[in-house]
Every structure is written in structure tokens, then in C-alpha cells.
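Note that the protein sequences, when read in sequence, are chains A and B. At position 155 of the first sequence (counting the first as 1) the number is 176 in the numbering used here, and the numbers step up by one without a gap. At position 142 of the second sequence (counting the first as 1) the number is 512 in the numbering used here, and the numbers step up by one without a gap. Data first, discussion second: the structure below is written as C-alpha cells.
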Amino acid sequence: MTEIIAKEGLRSEELIVNMGPQHPSTHGVLYLELRLDGEIVVDCRPHIGYLHRSCEKIAENRTYIQFVPFTDRLDYLGSMNNNLGYVLAVEKLLNLQVNARVSYVRTIIAELNRIASHLVSLGTFAQDLGAYATPMFYCFRDREKIVELFDEICGGRLTYNYMRIGGVQTELPAHADKYIKDFIKYERQKLQEYNELLTYNAIFLSRTKKIGILKPEVAINYSVTGPMLRASGVKWDVRKDEPYMLYDQFKFDVPIGKVGDSWDRFKVRLDEIGESLKIVEQAIQGIPAGNAVAKVNKVFKAPPSESYMRTENPRGELGFYLVSDGGLKPYRNKIRSPSFSNLAVLPSIVRGLNVSDMVCVLGSTDIVMGEIDR
Amino acid sequence: MDLNQLVQAVREKFPDAVAEERKAALVVKKESLRAVAQFLKTSELAFQNLHCVSGVDWKDKIEVVYHLYSFKHRFMLTLKVFLPMEDLAVETLSGLWESANWLERETFDLFGVKFLNHPDLRRILNPDEWTDYPLRKNFDRPDFFRLPQSEGLKAGG
């Protein structure tokens, strides 16, 4: 573009375009400052903080148990996984062991939530690319089945507050076993349908292949985690490589991409749904008898120490760094959110792309602003 | 690999870099932070990933905590540096790990720690005009402010 203009002797200058804070495809209130040369993105500067609620300051003024509902509001599509990460961090701080049934129930719930979260991500990504409404409705139809189960378990459809320190809030209902087994059968058929509908669709391929390539060394340097890292070809999953809870007892694969483009990121999420179904299937078959309801005091003091716990969330590695001074409340609670680092890498992968591909790359990173701004 | 071996390796390379002994962390003096970090990344320890940067306000000093991860050795290192309140400045690590850029901006925004030679040290979560550092312990939380009675809401108003 610039060379053509220089040859023709025309004067050109860079154009600054504000994408957001209100934009249908920024998945929240994100403001991207784009510098354009014609249609080409020269530079991109993300501005965040529109959803900053200071959850870390709030945590310093609440007891350990009172902060669980706040973790729902971080990544509101993966609330159960956030709950889980936080209670595991507190349990690590207290050196608390839980029984096997608790771990099984937590695994089932967390993996179901991962499926629900990936379904939203796939649906909205397809919609961002102009596949209007159909993939979105299909994905939300499947997600609805998971959400209905969660609604029955804990009375919430988006914010669950289900995990407790030392256990969970309630037992699974009596028919959960059959319901989940039926869902696994149903969802496996539907995954096939998504592959036919989207994954190998010619228009979809031409919009996403070779767009926004993220190299593995760049991804590690920027501390990118989760499906985005795996799409770049790095076989790394905390559940597999540094197992917490009982993940080392389940058999599942870690899907990876080859190129690291937008299509790989989409495909890795789609494959991860299948792997999560495998984990849920094994967990529901092997769940031991016992009591999963938490029996820990509502108010307790933690010993003066610190703990860092990271878990594999739908979007990447969620870390909680808890520092205790021996009181009823944590002295410091730092939340390391996966989307924060996954967004930081965006400017380096969009340089040189068309403006129209910005939406594609942003959709494929699958960020949630609630956990970036905290 | 365990922490003792690692601390030993750092001691051999930098005899006076370790500030104090800790059970679960490597605490270094702030002058030698950059050199130690460079060593940790480029030596065979291979800490390729700067996972997380946090600040902790201990009232008389601020602690900056770096969580480094080595894929090769499957080891998470907690690297700490203590900064006195009078001199809240430390060398940036953003040339070594790109992830440090945003993570250090966040620590600057919430604690007021200055990262020297940082490429783009601006506030990230709070507005640029903001003057306070909200995660310090002496920050007055706005939920304790009350509007004056005369300016409060009136019934039917």
C-alpha cells in the first residue's frame, strides 16, 4: 500500500481508529486503538480497565469463605472453574486434604463448565465471522443442558458459588448420573455436527486459516496459556503435566494445533470438548460413595504463610497467590488471570493484518473482560 | 530440581545477591535482580516463562513477587525482592520476558512501584489521572466515604 502511494506521488498518513469500548465483537468493554495504513493494521494498543472492580482489594476485607462468590464474577463463563481454583488455593494454604468423592464431584462439575464455556466461545466466534445466529443457537442449545443441571444443583445459571473450602455446597441430585450420561451421548453426536457445519466449511476456513499466527516461542515469552498456547503447538496442560486433584487418574489427550492460527485455536477448543467428555464419563463411572458436602468452619484463621495455586481454566491458567498474616482474612490475594496475558500478546500477532481480520483474531483469543480487569 | 540446589547455583554465580534465607522462595537484593533473572532465564535452569508478578504491601516496605516457571525442570520458582517505601524502584524484567510488560504495569498501577527502563510504564487498570495506589494498605476505600447530608438523595426527588 505505502509503496504504491509513494510511486504515484500521493500523500498518505496513518489513520487512528477506535475499536470499542462499545463494540459488538470485543466481548466486553475493551478499547483497541488501531493505527491503520489503508486497510492494514500497523499497530494496536489495547486499553483495559473499564470493568475494574478491585476484587483483590475486596478480598483483603472479606473472610476466606466470603470471597468465593466474588470469584464467580471474574470469568463469568467459567464460574465453577474459578471457584475451584480459589478453594484449592485456600486448601493448599491450610494444608487441608479432601476425600476422593469431593474431588470426583469437583472434576465432573469443572469439566462440564469447561464444555459450557467452550461452547459459548465457539458460538460467538462463528457469529463474529458472520455465520449469523445458527452456530450460536446450536451452541447455546447444548450449553443450556449443562446450565439447567447447574441450576438444579446450586440455584444459579451464571454465578454458582458452589465450591466450598473442604468440599462442595450440596450433593449431586439423584438423577444426575443418568442426566450426565445422556448428555455425553448427545454431545458426542453434536460435535460431529459442528465439524460438518463449521470446521471444514470452505468460507470458515478461508476466514480463519493463516490469520493471526502465534509462534510457540512468542506465546511462552508472553506467558500465554490454555487453548491459545496449545494451538501454537506447545503440548502443555496443567491437568496433564502438573496434575492437581485426581486428574492423573483419568485418561485423556491434550489436543494441539500445528500452525497457531485462528483456525487452530478454534479446533483445539472443539477437540477439548471431546476430551472433557471423556473425563466426565470416567469420573461419573468411578465416583466413590461418601459425603462431598463441606464440613469446615465458616470462620477460621490461616497460619502465616503463602500459597500459589494454578489450575487449568477454560481460558488458560488461573493462579491465586494467597498471603496470610495469621488473621481471619487474607493479607493479599493476587489473581493471575489467563485472559490478561492472552490479551497482552494481541498487538504482536495482528500487525500487518486487515482490519476485517481483527475481529477474527480477537474472537479466537476468547477473552473475558471480567477477569482481565478484575 | 529443588529450591536448595537452585539457591546454591545462584550463590555460586552471584556471591552477594541473595538477601535472606527463606523456606519457599529465593529473595534477592534489588540491585542484582536483573542479573539474577538473566542468569535464571539463559542458563541451563531455563526459566522461560514469567508467570505472574504480584506486589505485597508490608507497610514499611513493598515486596514484589515474581513467579517463574521452567518447562524443562517442571519447577515453579518464587523470586522475591523487597523495596523500602522511600525508594520504590527496581529494574524492569520486560526485556527478558515480554509478559513482564503488562504485569509490571499492573504492579505500578496498584502499588506505585517504579520499574526502571520499562518501555511503557503507564497505568493499566485505573484512569491515567488517578493519583492513589489502591492496593496499598493505607488507601482510604471509597465505600467509607459518605456524601454530605445536604447533597444526599431526597425522597421523591
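Virtual Cβ for every residue (Gly too), placed ideally from N, Cα, C. Since we're looking at a predicted model, the values are computed, not measured.
### Query
Which residue from A:Ser138, A:Phe273 and A:Lys206 puts its Cα closest to that of A:Arg178?
The residue you call residue 178 of chain A lines up with position 157 of the first sequence. Checking every option, the nearest Cα to that of A:Arg178 belongs to A:Ser138.
### Message
Could you compute how far the alpha carbon of A:Val389 sits from the alpha carbon of B:Val451?
### Response
Position 368 of the first sequence holds residue 389 of chain A. Position 81 of the second sequence holds residue 451 of chain B. Each residue's alpha carbon lies about 31 Å from the other.
### Query
Would a check of beta-carbon distances place B:Leu458 closer than 8 Å to chain A?
Mapped onto the second sequence, residue 458 of chain B falls at position 88. No, no contact with chain A.
### Query
If contact means a Cβ-Cβ distance below 7 Å, which residues of the segment 361 to 372 of chain A contact chain B?
Phe361, Ser362 and Ala365
### Task
Taking only beta-carbon positions, decide if B:Leu420 is within less than 8 Å of chain A.
Locating residue 420 of chain B in the second sequence gives position 50, counting from the first residue. Closer than 8 Å: yes.
#### Entry: Contact belief for B:Val426 with B:Val460 at Cβ below 8 Å, rounded distance in angstroms
By 1-based counting over the second sequence, the position of residue 426 of chain B is 56. By 1-based counting over the second sequence, the position of residue 460 of chain B is 90. Their Cβ separation, rounded to whole angstroms, is 14 Å, which puts B:Val426 and B:Val460 out of contact at 8 Å.
### Task
Report the residues of the segment 207 to 241 of chain A with a CB closer than 7 Å to any CB of chain B, ordered along the chain.
Ile241
#### Entry: Simplified DSSP assignment, three categories, for B:Glu433
The residue given as residue 433 of chain B occupies position 63 in the second sequence. It is a strand residue.
### Task
On the DSSP bridge assignment, give the partners of A:Asn39 in chain order.
Translated into the one-based positions of the first sequence, residue 39 of chain A becomes position 18. Answer is A:Glu54, bridged to A:Asn39.
### Query
What is the residue span of the alpha helix (DSSP H) that A:Pro67 lies within?
Indexing the first sequence from 1 puts residue 67 of chain A at position 46. Not the alpha helix (DSSP H): A:Pro67 falls in the beta strand (DSSP E), residues Ile61 to His68.
### Task
Please compile the residues from chain B whose C-beta is within a distance smaller than 9 Å of the C-beta of A:Lys78.
As a first step, residue 78 of chain A must be located in the first sequence, where it is residue number 57. Within chain B, the residues near A:Lys78 are Leu480, Pro504, Leu505, Phe509 and Arg511.
#### Entry: Beta-carbon spacing of A:Leu226, A:Met249 below 8 Å
The sequence position of residue 226 of chain A within the first sequence is 205, counting from 1. The sequence position of residue 249 of chain A within the first sequence is 228, counting from 1. Not a contact, by the Cβ cut-off of 8 Å.
### Task
Spell out the partners DSSP gives B:Ser440 in its beta bridges.
Looking up residue 440 of chain B in the second sequence gives position 70. Paired residues: B:Phe445.
#### Entry: Rounded C-alpha distance that separates A:His196 from A:Lys202
If you number the first sequence from 1, residue 196 of chain A lands on position 175. If you number the first sequence from 1, residue 202 of chain A lands on position 181. The straight-line gap from Cα to Cα measures roughly 10 Å.
### Query
Hey, how far is the Cα of A:Ser345 from the Cα of B:Glu433?
Taking the first residue of the first sequence as position 1, residue 345 of chain A is located at position 324. Taking the first residue of the second sequence as position 1, residue 433 of chain B is located at position 63. A:Ser345 and B:Glu433: Cα-Cα distance of roughly 14 Å.
### Message
On the CB-based measure, 16 or more other CB atoms within 10 Å of its CB, does A:Leu383 come out buried or exposed?
### Response
Against the first sequence, residue 383 of chain A aligns to sequence position 362. Answer is buried; the Cβ neighbour count reaches 16.
### Query
Span of the alpha helix (DSSP H) holding B:Thr412?
Position 42 of the second sequence, counted from the start, is the residue given in the question as residue 412 of chain B. Unbroken alpha helix (DSSP H) run through B:Thr412: Leu403 to Thr412.
#### Entry: Interface flag, B:Gly527 vs chain A, CB-CB below 8 Å
Along the second sequence, one-based indexing puts residue 527 of chain B at 157. Per-residue confidence for B:Gly527 stands at a pLDDT of 39, beneath the threshold of 50, marking its modelled position as unreliable; no derived number is given.
### Query
What span of residues does the beta strand (DSSP E) with B:Glu390 cover, start to end?
Start at 1 with the first residue of the second sequence, and residue 390 of chain B comes out as number 20. From DSSP, the beta strand (DSSP E) with B:Glu390 extends over Val388 to Glu390.
### Query
Is A:His139 helix, strand or coil by DSSP?
In the first sequence, residue 139 of chain A corresponds to position 118, counting from 1. Helix.
### Query
Is the Cβ-Cβ distance between B:Trp438 and B:Leu410 less than 8 Å?
To locate residue 438 of chain B, count along the second sequence from 1; it is residue 68. To locate residue 410 of chain B, count along the second sequence from 1; it is residue 40. Looking at the sequence itself, residue 438 of chain B is Leu, so the reference to Trp does not match. Cβ atoms of B:Leu438 and B:Leu410: closer than 8 Å.
### Message
Taking the beta carbon of A:Arg286 as the centre, do at least 16 other beta carbons fall within 10 Å, making it buried, or is it exposed?
### Response
Counted from its first residue, the first sequence places residue 286 of chain A at position 265. It is buried - the Cβ of A:Arg286 has at least 16 other Cβ atoms within 10 Å.
### Query
In chain B, which residues lie with their C-beta within 7 Å of the C-beta of A:Ser75?
Position 54 of the first sequence, counted from the start, is the residue given in the question as residue 75 of chain A. Near A:Ser75 (Cβ distances below 7 Å), the residues of chain B are Pro504.
### Task
At 7 Å on the CB atoms, spell out the chain B contacts of A:Ile37, in chain order.
Against the first sequence, residue 37 of chain A aligns to sequence position 16. Chain B residues near A:Ile37: none, gap ~17 Å exceeds 7 Å.
### Message
Please classify B:Ser464 as buried or exposed, where buried requires at least 16 neighbouring CB atoms within 10 angstroms.
### Response
Counted from its first residue, the second sequence places residue 464 of chain B at position 94. B:Ser464 should be labelled buried.
### Task
Could you tell me if A:Leu105 is buried or exposed, where buried requires 16 or more neighbouring beta carbons within 10 angstroms of its beta carbon?
Counted from its first residue, the first sequence places residue 105 of chain A at position 84. It is buried - the Cβ of A:Leu105 has at least 16 other Cβ atoms within 10 Å.
### Message
Cβ closer than 9 Å: which chain B residues qualify as neighbours of A:Arg260?
### Response
Along the first sequence, one-based indexing puts residue 260 of chain A at 239. Result: empty, since nearest Cβ-Cβ is about 14 Å, beyond 9 Å.
### Message
What are the residues in the segment 87 to 110 of chain A lying within 9 Å of chain B by C-beta distance?
### Response
none
### Task
Could you pull the start and end residues of the beta strand (DSSP E) that A:Val338 belongs to?
Position 317 of the first sequence, counted from the start, is the residue given in the question as residue 338 of chain A. One detail in the question is off: residue 338 of chain A reads as Glu in this sequence, not Val. From DSSP, the beta strand (DSSP E) with A:Glu338 extends over Gly337 to Val344.
### Query
Out of curiosity, what's the CA-to-CA distance linking A:Lys211 and A:Leu98?
Here residue 211 of chain A refers to the residue found at position 190 of the first sequence. Here residue 98 of chain A refers to the residue found at position 77 of the first sequence. The straight-line gap from Cα to Cα measures roughly 21 Å.
### Query
DSSP three-state call for B:Gly527: helix, strand or coil?
Working through the second sequence from its first residue, we reach residue 527 of chain B at position 157. Low confidence applies to B:Gly527: its pLDDT is 39, below 50, so where it sits in the model is not reliable, and the reading given next is rough at best. It is coil, neither helix nor strand.
### Message
Any C-beta of chain A within less than 8 Å: which residues of the segment 433 to 466 of chain B qualify?
### Response
Val435, His437, Phe441, Arg444, Met446 and Thr448
### Query
A:Ser244: which of A:Tyr342, A:Val38 and A:Gly337 sits nearest, CA to CA?
Counted from its first residue, the first sequence places residue 244 of chain A at position 223. Cα-wise, what sits closest to A:Ser244 is A:Gly337.
### Message
Quick check on A:Tyr153: buried or exposed, where buried means 16 or more other Cβ atoms within 10 Å of its Cβ?
### Response
Mapped onto the first sequence, residue 153 of chain A falls at position 132. The residue in question, A:Tyr153, is exposed, as its Cβ has fewer than 16 Cβ neighbours within 10 Å.
### Task
Out of A:Asp394, A:Arg395, A:Cys381 and A:Glu392, point me to the one whose CA is closest to A:Pro45's CA.
Along the first sequence, one-based indexing puts residue 45 of chain A at 24. The shortest Cα separation from A:Pro45 among A:Asp394, A:Arg395, A:Cys381 and A:Glu392 belongs to A:Cys381.
### Query
How big is the Cα-Cα spacing for A:Val239 and B:Arg404?
Along the first sequence, one-based indexing puts residue 239 of chain A at 218. Along the second sequence, one-based indexing puts residue 404 of chain B at 34. Approximately 21 Å between the Cα atoms of the pair.
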